[in-house]
Amino acid sequence: MMATTTPTSIFCSCSYFCIRAAVQTEEAEADSLLRWKASLDNQSQYFLSSWNTTAGRPCNWFGIHCNEAGSVSNISLTDSGLEGTLQSFSFPSFPNLVKLNLSNNSFHENIPSHIGNLSKLKILDFSVNEISGSIPQEIGMLNSLTYIDLSDNFLTGTIPASIGNLTALPILSIQRNQLSGSLPQELGMLKFVTEIFFSENSLTGIIPISIGNLTNLWALYLDRNQLSGSIPQEIGMLRSLTELALSYNNLMVQFLKLQKTNR
Numbered sequence: 018m019m020a021t022t023t024p025t026s027i028f029c030s031c032s033y034f035c036i037r038a039a040v041q042t043e044e045a046e047a048d049s050l051l052r053w054k055a056s057l058d059n060q061s062q063y064f065l066s067s068w069n070t071t072a073g074r075p076c077n078w079f080g081i082h083c084n085e086a087g088s089v090s091n092i093s094l095t096d097s098g099l100e101g102t103l104q105s106f107s108f109p110s111f112p113n114l115v116k117l118n119l120s121n122n123s124f125h126e127n128i129p130s131h132i133g134n135l136s137k138l139k140i141l142d143f144s145v146n147e148i149s150g151s152i153p154q155e156i157g158m159l160n161s162l163t164y165i166d167l168s169d170n171f172l173t174g175t176i177p178a179s180i181g182n183l184t185a186l187p188i189l190s191i192q193r194n195q196l197s198g199s200l201p202q203e204l205g206m207l208k209f210v211t212e213i214f215f216s217e218n219s220l221t222g223i224i225p226i227s228i229g230n231l232t233n234l235w236a237l238y239l240d241r242n243q244l245s246g247s248i249p250q251e252i253g254m255l256r257s258l259t260e261l262a263l264s265y266n267n268l269m270v271q272f273l274k275l276q277k278t279n280r
């Protein structure tokens with residue numbers, strides 16, 4: 018007799034595989050978190066004492082939040098007394114991560130290039146640490162980002178042109194680092210950006226005219242750099258601009274033609 022497949026059996030089969038996949042994802046994420054924890058200093062082990070297999074699912078661990086399917090979606094460890102690097106953090110192990118906040122700790126060394134695997138990431142905050150090296154080009158692969166703060170670190174090198182790929186980004190802060198080189202023309206591609214904070218670096222060259230494309234921009238902080246040349250007339254096209262900081266540069270001042278707004 019030929020076996021028949023009922024809707025109930027199909028449902029049970031699908032449910033089994035869905036549950037099994039969720040369990041495997043949870044186990045992989047827990048393993049990745051524990052490996053990263055093991056790479057941190059002794060004091061960090063104390064602060065992350067809830068990170069252990071006897072404490073149950075990683076969703077119950079300090080600073081970890083999960084989505085409805087039980088996958089890690091939020092890692093928030095701001096001001097947690099942690100010290101170490103990101104080298105053992107397996108970014109590809111967290112396909113559903115939406116928020117990663119490691120601000121106000123003592124992380125050092127560079128940002129690994131495989132951070133570009135976090136395709137769903139919306140919030141990235143590594144501010145107030147001791148992170149060095151350059152901003153990886155792969156940061157431009159995080160095109161779901163709505164907030165990025167890398168301020169108050171020891172980042173060097175140039176601002177990658179790939180930053181222009183972050184077209185959904187409203188807030189970009191990389192102030193108080195040691196960044197050099199010119200402002201990329203690709204900044205003009207950030208059509209939804211409202212706030213840019215590049216103060217207190219060692220940026221050189223001119224302010225690109227593409228800055229005039231940022232019609233939603235209301236705060237632009239470029240002060241305390243080594244920018245030169247004339248302030249572009251295109252800044253006058255920024256109708257939403259209410260905060261502009263250009264002091265302590267080598268800029269030549271000229272009268273800007275401001276666009277009229279209807280009131």
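Going by my numbering, the residue at position 128 of the sequence shown is 145; the numbering climbs one at a time, nothing skipped.
Here a beta-carbon is modelled for each residue, glycine too, at the ideal position from N, C-alpha and C.
Nothing here was measured: the structure is a model prediction, and the numbers come from that model.
inquiry  = Measuring only the C-alpha atoms, how far is Asp48 from Gln104?
reply    = Along the sequence shown, one-based indexing puts residue 48 at 31. Along the sequence shown, one-based indexing puts residue 104 at 87. About 15 angstroms.
task = State buried or exposed for Ser179, treating a residue as buried only when at least 16 other CB atoms are found within 10 Å of its CB.
result = Sequence index remark: in the sequence shown, residue 179 carries index 162 (1-based). Buried, by the Cβ-count rule.
task = Would you mind working out which of Gly98, Arg193, Gly87, Ile191 sits nearest Leu114, comparing C-alpha positions?
result = Along the sequence shown, read from residue 1 onward, the residue named residue 114 stands at position 97. The candidate whose alpha carbon is nearest that of Leu114 is Gly87.
task = Output yes or no for whether 7 angstroms exceeds the beta carbon distance between Glu251 and Gly229.
result = Residue mapping note: residue 251 aligns to position 234 of the sequence shown, counting from 1. Residue mapping note: residue 229 aligns to position 212 of the sequence shown, counting from 1. Yes, they are a contact pair.
key: Helix, strand or coil at Gln243 [DSSP, three-state]   = Working through the sequence shown from its first residue, we reach residue 243 at position 226. Three-state DSSP puts Gln243 in a strand.
query = To which residues does DSSP link Ala138 through a beta bridge?
reply = Taking the sequence shown and counting its residues from 1, one reaches residue 138 at position 121. A small fix is needed here, since residue 138 is Leu in this sequence, not Ala. Paired residues: none, contrary to the question.
ask   = Between Phe124 and Ile148, is the Cβ-Cβ spacing less than 7 angstroms?
value = Locating residue 124 in the sequence shown gives position 107, counting from the first residue. Locating residue 148 in the sequence shown gives position 131, counting from the first residue. Yes, they are a contact pair.
ask   = Are the beta-carbon atoms belonging to Asn194 and Leu172 less than 7 angstroms from one another?
value = Along the sequence shown, one-based indexing puts residue 194 at 177. Along the sequence shown, one-based indexing puts residue 172 at 155. The answer is yes: Cβ separation under 7 angstroms.
key: First through last residue of the beta strand (DSSP E) which encompasses Asn91   = Position 74 of the sequence shown, counting from 1, holds the residue named residue 91. Run containing Asn91: 89-93, per the beta strand (DSSP E) assignment.
Ala38 versus Ala45 - alpha carbon distance = Position 21 of the sequence shown, counting from 1, holds the residue named residue 38. Position 28 of the sequence shown, counting from 1, holds the residue named residue 45. Confidence at Ala38 is low in this model, with a pLDDT of 46, below 50, so the placement of that residue is unreliable and no value is reported for it.
query = Closest to Leu220 by CA distance: which of Tyr63, Ser199, Leu119 is it?
reply = As a working mapping, residue 220 is identified with position 203 in the sequence shown. For Leu220, the nearest C-alpha among the options comes from Ser199.
inquiry  = Distance check for Leu99 and Gln154, CA to CA, integer angstroms please.
reply    = As a first step, residue 154 must be located in the sequence shown, where it is residue number 137. As a first step, residue 99 must be located in the sequence shown, where it is residue number 82. Cα-Cα distance, rounded: 26 angstroms.
query = So, helix, strand or coil for Glu155, using DSSP?
reply = Here residue 155 is taken as the residue at index 138 of the sequence shown, counted from 1. Residue state, collapsed to three classes: helix.
query = For Asp166, does the three-state DSSP call read helix, strand or coil?
reply = For the purposes of this step, residue 166 is taken as residue 149 along the sequence shown, with counting starting at 1. Asp166: strand per DSSP, three-state reduction.
Of the listed residues Leu207, Ser227, Ser197, nearest to Ser216 (C-alpha basis) = Reading the sequence shown from its first residue, position 199 is the one you call residue 216. For Ser216, the nearest C-alpha among the options comes from Ser197.
query = What span of residues does the alpha helix (DSSP H) with Phe143 cover, start to end?
reply = Within the sequence shown, residue 143 is the residue found at index 126, counting from 1. Element bounds for Phe143: n/a, residue is neither H nor E.
key: Proximity winner among Ile248, Leu204, Asn233, Trp235, relative to Ser227 (alpha-carbon distances)   = On the sequence shown, position 210 is the one that residue 227 refers to. Per the Cα distances, Leu204.
request  = Spell out the partners DSSP gives Met269 in its beta bridges.
outcome  = Numbered from its first residue, the sequence shown carries residue 269 at position 252. According to DSSP, which records beta bridges pairwise, Met269 is partnered with Ser247.
ask   = Under the DSSP definition of a beta bridge, which residues are partnered with Tyr238?
value = Indexing the sequence shown from 1 puts residue 238 at position 221. Note: Tyr238 sits in a beta bridge opposite Phe214, Ala262.
inquiry  = Less than 6 angstroms between C-beta atoms, sequence neighbours within five positions excluded: which residues of the same chain meet that for Ala236?
reply    = Position 219 of the sequence shown, counted from the start, is the residue given in the question as residue 236. Excluding residues within five positions, the ones whose Cβ falls inside 6 angstroms are Glu212, Glu260.
ask   = What do you get for Lys208, buried or exposed, if any count of 16 or more other CB atoms within 10 angstroms of its CB means buried?
value = Sequence index remark: in the sequence shown, residue 208 carries index 191 (1-based). Flag for Lys208 reads exposed.
query = According to DSSP, what are the bridge partners of Ile188?
reply = Residue mapping note: residue 188 aligns to position 171 of the sequence shown, counting from 1. Note: Ile188 sits in a beta bridge opposite Tyr164, Glu212.
inquiry  = Let me make sure I understand the geometry here. Which of Ser110, Glu126, Leu255 has the alpha-carbon closest to that of Leu57?
reply    = Position 40 of the sequence shown, counting from 1, holds the residue named residue 57. The residue with the shortest Cα to Cα distance from Leu57 is Glu126.
task = Starting from Phe111, follow its DSSP beta bridges and name the residues at the other end.
result = Start at 1 with the first residue of the sequence shown, and residue 111 comes out as number 94. Phe111 pairs with nothing; no bridge assigned.
ask   = Does the beta-carbon of Asp96 have 16 or more other beta-carbons within 10 angstroms, so that it is buried, or is it exposed?
value = For this step, residue 96 is matched to residue 79 along the sequence shown. Asp96 should be labelled exposed.
task = Evaluate Gly246 with the Cβ neighbour count: other Cβ atoms within 10 Å of its Cβ, from every protein chain shown; 16 or more gives buried, anything less gives exposed.
result = As a first step, residue 246 must be located in the sequence shown, where it is residue number 229. The residue is exposed, with fewer than 16 neighbouring Cβ atoms inside 10 Å.
query = Under a three-way DSSP split, which group does Glu85 fall into?
reply = Locating residue 85 in the sequence shown gives position 68, counting from the first residue. Here Glu85 sits in coil by DSSP.
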